[in-house]
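There are 2 protein chains.
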Amino acid sequence: MNTYIIGEQAKYYEFGKPISSNAIVEMKVPAVFPLEEIVKIERRSEIQFSLKEDTRVYGLGENLGGINKRGGRYESYCRDEANHTEDKINLYGAHNFFVIEDKEKAIGYFVDFPGRIHFDIGFTNDDEFIITINGENFGLMKIEGSTPSEIITKFLKTIGKPYIPPKWGFGYFQSRWGYRDQKEIQEVVDTFQQHEIPMDGIYLDLDYMVDFKNFTVSRERFPDFEDWTKSLKEKGLYLIPIIDAGVKIEEGYNVYEEGVKGDHFAVNQEGEPYVAAVWPGKVHFPDFFQEKTRRWFGEYYRDLTKMGIEGFWNDMNEPAIFYDEKSLEEAVDMAIDCRGKNLNVHKFFHLKDTFSNLLNDEKYHQRFYHRMDGEKKTNEEVHNLYGNYMTQSAYEGLSRHLDHRFLLISRASSIGMHRYGGIWTGDNASWWSHLEENVKMMPLLNMAGFFYTGADTGGFGGQCSGELLTRWLQFSIFTPLLRNHSALDTRAQEPYAFDKRTLEETKHLIRLRYRLIPYLYSTYMKAVDKYEMMFKPLAFFYKESHYKEIEDQLLLGDELMIAPVVERGKTGRRVDLPEEMAKIEFADSGYTVEIVKEGPHYLAYQRDRLIIFLKKGHMLPLGDVAMNVKELKNEKLDLLVYMDENAEHLLYTDDGLSIDRNDQVKTIFSVIHREGDFLVDIKNPYKGLKVVNFSFLTNEGLVKKTHRINS
Amino acid sequence: MNTYIIGEQAKYYEFGKPISSNAIVEMKVPAVFPLEEIVKIERRSEIQFSLKEDTRVYGLGENLGGINKRGGRYESYCRDEANHTEDKINLYGAHNFFVIEDKEKAIGYFVDFPGRIHFDIGFTNDDEFIITINGENFGLMKIEGSTPSEIITKFLKTIGKPYIPPKWGFGYFQSRWGYRDQKEIQEVVDTFQQHEIPMDGIYLDLDYMVDFKNFTVSRERFPDFEDWTKSLKEKGLYLIPIIDAGVKIEEGYNVYEEGVKGDHFAVNQEGEPYVAAVWPGKVHFPDFFQEKTRRWFGEYYRDLTKMGIEGFWNDMNEPAIFYDEKSLEEAVDMAIDCRGKNLNVHKFFHLKDTFSNLLNDEKYHQRFYHRMDGEKKTNEEVHNLYGNYMTQSAYEGLSRHLDHRFLLISRASSIGMHRYGGIWTGDNASWWSHLEENVKMMPLLNMAGFFYTGADTGGFGGQCSGELLTRWLQFSIFTPLLRNHSALDTRAQEPYAFDKRTLEETKHLIRLRYRLIPYLYSTYMKAVDKYEMMFKPLAFFYKESHYKEIEDQLLLGDELMIAPVVERGKTGRRVDLPEEMAKIEFADSGYTVEIVKEGPHYLAYQRDRLIIFLKKGHMLPLGDVAMNVKELKNEKLDLLVYMDENAEHLLYTDDGLSIDRNDQVKTIFSVIHREGDFLVDIKNPYKGLKVVNFSFLTNEGLVKKTHRINS
């Protein structure tokens, strides 16, 4: 075992010869220190921790089961999991970072390993946390600190700054698997405009391609794609096409032919390109583990950027596999064998399950190989890096094709990929429990470096109701990635697809989202620059077990607490205030404020409202409503201030596009409450800011004051 | 349309010629009154209600989605649904009764129809409740009253008294699909005794039969079944075998041969016995719609009662169907057709889904027929009566074979069946959300007449943890049916199968269950006799929307509120007290009491405790711990009294076995608090009661007093 210090903050234990998981960017400096954890290595490796009565375990990023993972089992092994029931132990991301905290101390750990890792966190035995690593070669990073937040900041430094989207990436996006053609999408855009619902664009699902071939656009269904893309962009609207991991096997298709010629595809045991089936039927998978392949694949994105595209979503890159030739053949053989037989329960379920299990059978991962620095590795060994490297390929390609920021998200991910793109949380459903999981997952994703993220608002699979869409938006208007997306053959899910009530509610909320963009964008950039989380559990800041256990309320930035309604049929919810806060309730007609005491409450939260809680001594800036980010001017800013003796707010702004962010302005708003008056100071007002409307809330009431910027 | 009054309480509208759903027992008396609801009839029928902002809809029995069904969609169509995700609109029961309540009034409705009914309760449009009935002939019963409770009592009268189990049915039962033989089961019994965990018996899943043939016992695996059954019974332990709806097709098998000979099986279009496959492979389904078949099938239960059996569970009686010959053949043909093809996404999912959808395809229900009063009906038309009539058949048979009460539960049910047996809530999973659904479903099952009911504690499918088993028991020790049951190939789920901590906790809880039996049994009998619910939503008793919306706390009887922890990893929970109550916290060493004020709280609820809330002016009787119900003597009773000016409690006891309950004793405990003293009076002490230990709780503290009965 070799030991290192990383960036003067973290200890790193190297067992065997780890394959880099592409996560850590800070230097490893050899140093000598002992191993305190119990680690057993024997083909598989095992790390053991004992858990005290009050130990909590936070982390593991994109996983179900809430903020404190104690009591559950999880796996880091990227999976195309379409059915997010609570027994699922892995989803699309492999985020091997967690913090263990008890009354005495907190320690962070990162398991640096690209294959399968299993975490049994007091599930099998209540007081044992066992990590099983599917191999002998791995790194273990250990970070100590006085609080989870401090540890997480140290960790975020070791893995490097998250991807930064363009500012228009903070707009609202509509999406649907099943928008057939340009005409139908244009109608969606027009209907949004007709109802004065802002949007920044449309995600294009697979429907835009020719026979599911990457980097093609169906001319039949999108007759003037370039002109259309450009005319939309002039109005501030972006199209974001999907790219899949699998490349269709088809003679004459350039990506396929060049891939074969350049040896760019993952191979089977015989060294031939491996054949699996996804959307188009049979495909090859680009071997993104080869640098030349990353460069090669990244170049194809230019086919679409040339047409005006500035954003992409990389999908199916766990990679998802519907079947391979061998397994399909075996299943058909079994079906033939069952013909005319009298199948009892065991035989029948075996037949049925054989067909069900074709989908994403993990056996396939042992049947194809990647080339990494001249070595052949099965996909299983380096599985969690596939989507990571695909997105790196896209990021590096797009950085060559465009001279400004672009939008890029991926479904599969592992830590390290956060530097190249965001993630959406995959194929959730129109379930209330998935709204609740969305809330609880946000801080965990931040812990893993994923800041540009969000769930499919309203749910991807299944049937949404107007009530669910409204309630989901009451949360997701705070998430950096805000997309309403739904699957083929589900109920239409656009804000106007439900009853009149839902249209009014969702319109109100999406318009509020645009007013929140100055705040959200600033909070994002501050979090990136300071290596801090944007969404934070109450547990990280309040010591009483009462508040440590509240997971359906989150802190956002330094200013806000949000407590969305995540249950059907309610007109209010239980809210626990860990300190006195100002409750701000937005209605269509304006807002009301009320100071709410520390402790448990049941508070009304009607569907046509938006409620936030502002901490004492803090401010919330609200900008303009505009029909998209391009039109946002924010010459006038409303500042809601919950006064302590004084209050301060730091607002980051920039042009929203430049990669270096050299034009960043840090505006400082400060207020002192003295002798009944509010003394205001504004340092470094951003360009264009003309008027600031202050609303000072104190225990005595609300005072309004307008401040004009002298230019 | 004909109109009737039922039992002077309910209005009944008869559309066309309804097929009786076997639910209503009170007389229908012709009467003339107008129809106020909007009803449209056109092959299907539609009933429309408009929903106000504050309208709540309670009911529909065994369904997911909580107590207030507003905002969701449901179906009454019994289904073998193994995956209880929140989008599922029907489970095993069809319970067509609900109450609509708004600030002004409450009305109850029962849709008297044995086929498919769909309920869209503000899902599609927020303000519309649409009931779609799959036919033109049905009855609609309407019950008015000032409160939901009053309406429910009137409804329960119209459908007749619920099934009454023997007192030993209130014990704890262990079960598992996969207990291989007598030896393994005896080991389970012995291990319970060794750990001093009480139990009243074991449910036998399919493993006990010969080739899944009903009414057979494998002599290979159960070599001396009769002697064993009897020796267990002497110790107070019961074996409860499963009976399935499907009868194996096998030459020489008496049930099959006699069934064919007597024309007892449901037939296909050609009039031949319909062939479907379930556990044993190919089966016929008894046509329970024929009175002669009910009598015929019910006689076979004698084969087992002769061996000492006194309880049964009727399973798979929706009926579940794995495949039929036609559909399996078609699926195999499709697989052959796919051989060697390049299947894209649509073709692949079509293939995969064809095999998945073999299981319980509703098409099968159109392919077989029942004979009802000389008329042939497709199963689809009368689907929801199948399990109902099967259980009636068993009940009537067992009433002939035994001269005292017996235990009988069923998986499929519709209202009316509650007179013949209880239900368990089917194949749930070891999910925390299923514990929460268990809580919320209990009062709705009571509304539908099902009192002897409970969920599989710990969850049937999936992997349970010790924590989940403990938390589940903290709720289910209050449910009349208390069974820990789990599926083949899941983690062992007996109380001792986890860590030491779980063993201690679960043992403590199961022992407490036995101390609660006097109270639970009495509460059950009072509920039956008074036509009142045993488990009640807060919403029925408190007017503020705050308490109307709390669904994870229940009232039990007139005395208690229970608020179980239904989330993982918690040491407490939010509890909302609709009035001041006494919190009683049981630890292994005894109990502590504390008065908790009205309003929202966050209360500690450790895993090794049991917490209940006692209403003011009420008492909770606690009996002895015993190793089973047979051994319960209760010569000494502890009475916890939360004093108002006075307090009273009515305790029903009987011998626990007699059908007429003629020996029932109604003991009245009353206390008056006067001048610092507690004046106690006990009327009609039950036989054997010698000592009552009173604990009087007031705002001033706890006073203990022992009262001896003069015999």
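Listed in order, the protein sequences are those of chains A and B.
Numbering-wise, the working numbering puts 166 at position 166 of the first sequence, and it's gapless, one number per residue.
Numbers in the working numbering are just positions in the second sequence, counted from 1, shifted up by 1000.
In this text, a Cβ means the ideal position worked out from N, Cα and C, and glycines have one as well.
Computed from a predicted structure; not experimentally measured.
Coil, strand or helix - M1372/B by DSSP: For the purposes of this step, residue 1372/B is taken as residue 372 along the second sequence, with counting starting at 1. Here M1372/B sits in strand by DSSP.
Taking only beta-carbon positions, decide if D263/A is within less than 7 Å of chain B. Position 263 of the first sequence, counted from the start, is the residue given in the question as residue 263/A. It does not: the Cβ of D263/A has no partner Cβ on chain B nearer than 7 Å.
Which of helix, strand or coil DSSP assigns to S1146/B: Residue mapping note: residue 1146/B aligns to position 146 of the second sequence, counting from 1. Here DSSP, grouped into helix, strand and coil, assigns S1146/B to coil.
Should A1010/B and I1143/B be called a contact, given that it needs their Cβ atoms to be closer than 7 Å? One-based indexing of the second sequence puts residue 1010/B at position 10. One-based indexing of the second sequence puts residue 1143/B at position 143. Yes, Cβ-Cβ distance for A1010/B and I1143/B is below 7 Å.
Since I believe H707/A is in contact with F694/A (beta carbons under 8 Å), could you give me their beta-carbon distance rounded to a whole number of angstroms? Reading the first sequence from its first residue, position 694 is the one you call residue 694/A. Reading the first sequence from its first residue, position 707 is the one you call residue 707/A. Sure, about 6 Å apart at Cβ, within 8 Å.
Residues near D1181/B in its chain [Cβ-Cβ closer than 7 Å; skip 5 each side]: Start at 1 with the first residue of the second sequence, and residue 1181/B comes out as number 181. Contacts found: R1221 and F1222.
Within the chosen definition, does the stretch 1270-1277 of chain B reach the stretch 1236-1245 of chain B through at least 3 CB pairs nearer than 8 Å? The stretch 1270-1277 of chain B is not in contact with the stretch 1236-1245 of chain B.
Would you verify that the beta carbon of D1588/B is, or is not, closer than 7 Å to some beta carbon of chain A? Residue 1588/B sits at position 588 when you count from the first residue of the second sequence. No, its Cβ sits nowhere closer than 7 Å to a Cβ of chain A.
In the structure shown, what three-state DSSP assignment does K1183/B receive? Working through the second sequence from its first residue, we reach residue 1183/B at position 183. Helix.
What residues are listed by DSSP as bridge partners for S1414/B? Your numbering for residue 1414/B matches position 414 in the second sequence. According to DSSP, which records beta bridges pairwise, S1414/B is partnered with A1094/B.
Simplified DSSP state of T1706/B, which is helix, strand or coil: As a first step, residue 1706/B must be located in the second sequence, where it is residue number 706. It is a strand residue.
Which complete beta strand (DSSP E) runs does the stretch 16-101 of chain A hold, if anything under 3 residues is left out? The stretch 16-101 of chain A contains these whole beta strand (DSSP E) runs: 28-30, 38-42, 44-50, 56-59, 73-76 and 97-101.
Identified DSSP bridge partners for L1657/B: The residue given as residue 1657/B occupies position 657 in the second sequence. Answer by DSSP bridge pairing: none, since L1657/B is not bridged.
So which of L697/A, R70/A and I5/A has the shortest CA-CA distance to D32/A? Translated into the one-based positions of the first sequence, residue 32/A becomes position 32. Just to set this straight, residue 32/A is Val in the shown sequence, not Asp. A check of alpha carbon separations from V32/A across L697/A, R70/A and I5/A identifies I5/A as the nearest.
What is the C-beta distance between F1678/B and F1696/B, in whole angstroms, given that I count them as a contact (C-beta under 8 Å)? On the second sequence, residue 1678/B is found 678 positions in, with the first residue counted as 1. On the second sequence, residue 1696/B is found 696 positions in, with the first residue counted as 1. The pair is a contact, with the Cβ atoms about 5 Å apart (cut-off 8 Å).
Just the C-alpha distance for L481/A and V1345/B, rounded to the nearest angstrom, thanks. Counting from one through the first sequence, the residue named residue 481/A turns up at place 481. Counting from one through the second sequence, the residue named residue 1345/B turns up at place 345. Cα to Cα, L481/A sits roughly 28 Å from V1345/B.
Can you tell me whether E1635/B is helix, strand or coil according to DSSP? Position 635 of the second sequence, counted from the first residue, corresponds to residue 1635/B. Of the three classes helix, strand and coil, the one that applies to E1635/B here is coil, per DSSP.
Apart from the five residues on each side of it in sequence, which residues of its chain come closer than 6 Å, Cβ to Cβ, to S1393/B? Residue mapping note: residue 1393/B aligns to position 393 of the second sequence, counting from 1. Result list for S1393/B: F1288, R1294, F1297 and G1298, in chain order.
Length-filtered (3 minimum) beta strand (DSSP E) runs lying within the stretch 537-589 of chain A: 554-556, 560-562, 572-577 and 581-587, all fully within the stretch 537-589 of chain A.
Go to Q664/A, then tell me how far its alpha helix (DSSP H) extends in each direction, as first and last residue. As a working mapping, residue 664/A is identified with position 664 in the first sequence. No alpha helix (DSSP H) holds Q664/A; DSSP gives it neither H nor E.
Beta-carbon contacts of E648/A that lie in its chain and below 6 Å, excluding the five residues immediately before and after: The sequence position of residue 648/A within the first sequence is 648, counting from 1. Within the same chain, E648/A has close Cβ partners S670.
Could you tell me if A1587/B is buried or exposed, where buried requires 16 or more neighbouring beta carbons within 10 angstroms of its beta carbon? Position 587 of the second sequence holds residue 1587/B. Taking all protein chains shown into account, A1587/B has fewer than 16 neighbouring C-beta atoms within 10 Å of its C-beta and is therefore exposed.
Pick from G1599/B, I1415/B and G1422/B: whose alpha carbon is nearest that of T1158/B? Position 158 of the second sequence holds residue 1158/B. If we check each option's Cα against that of T1158/B, I1415/B comes out closest.
Quick one: residues in its chain with C-beta nearer than 7 Å to the C-beta of D337/A, no 5 flanking neighbours on either side, listed in chain order? Taking the first residue of the first sequence as 1, we reach residue 337/A at position 337. There are no such residues.
Report the option in P319/A, S589/A and Y642/A whose CA atom is closest to the CA atom of A266/A. Here residue 266/A refers to the residue found at position 266 of the first sequence. Check the Cα spacing between A266/A and each of P319/A, S589/A and Y642/A: the tightest is with P319/A.
Chain-ordered neighbours of A1429/B on chain A, where CB pairs are closer than 7 Å: Here residue 1429/B refers to the residue found at position 429 of the second sequence. Per Cβ cutoff of 7 Å: D87.
What does DSSP give as the partner residue(s) for M1141/B in the beta ladder? Here residue 1141/B is taken as the residue at index 141 of the second sequence, counted from 1. Paired residues: Y1012/B and F1110/B.
Through-space distance from F1225/B to Q1664/B, alpha-carbon basis: Here residue 1664/B refers to the residue found at position 664 when the second sequence is read from its first residue. Here residue 1225/B refers to the residue found at position 225 when the second sequence is read from its first residue. Across the structure, Q1664/B and F1225/B are spaced so that their CA atoms are roughly 35 Å apart.
Would you please verify whether the beta carbon of P1280/B is less than 7 Å from any beta carbon of chain A? For the purposes of this step, residue 1280/B is taken as the residue at position 280 of the second sequence. Interface residue, yes.
Can you pull the chain B residues whose beta carbon is under 8 Å from the beta carbon of R339/A, in chain order? Residue mapping note: residue 339/A aligns to position 339 of the first sequence, counting from 1. The CB of R339/A comes closer than 8 Å to the CB of E1329 and V1332 in chain B, given here in chain order.
DSSP state of Q1174/B mapped onto helix, strand, coil: Here residue 1174/B refers to the residue found at position 174 of the second sequence. In the structure shown, Q1174/B sits in a strand (DSSP, three-state: E or B).
Of all Cβ atoms in chain A, is any one closer than 7 Å to the Cβ of P1600/B? One-based indexing of the second sequence puts residue 1600/B at position 600. Residue contact with chain A for P1600/B: present (Cβ-Cβ distance below 7 Å to some residue of chain A).
Please report the straight-line C-alpha distance between V264/A and P286/A, rounded to a whole angstrom. The residue given as residue 264/A occupies position 264 in the first sequence. The residue given as residue 286/A occupies position 286 in the first sequence. Per the sequence presented here, residue 264/A reads as His, with Val not at that position. Going from the Cα of H264/A to the Cα of P286/A covers about 6 Å.
Looking only at its chain, what residues have a beta carbon closer than 6 Å to the beta carbon of F1212/B, apart from the 5 residues adjacent to it on each side? As a first step, residue 1212/B is located in the second sequence; it is residue number 212 there, counting from the start. So the qualifying residues of the chain are L1206, W1279 and P1280.
What residues of chain A sit near I1336/B, judged by a beta carbon separation below 8 Å? What you label residue 1336/B is simply residue 336 of the second sequence in a count that begins at 1. Those within 8 Å of I1336/B in chain A are V332, A335 and I336.
For K636/A and G623/A, what's the separation of their Cα atoms in angstroms? Taking the first sequence and counting its residues from 1, the one referred to as residue 636/A is at position 636. Taking the first sequence and counting its residues from 1, the one referred to as residue 623/A is at position 623. Each residue's Cα considered, the two are about 7 Å apart.
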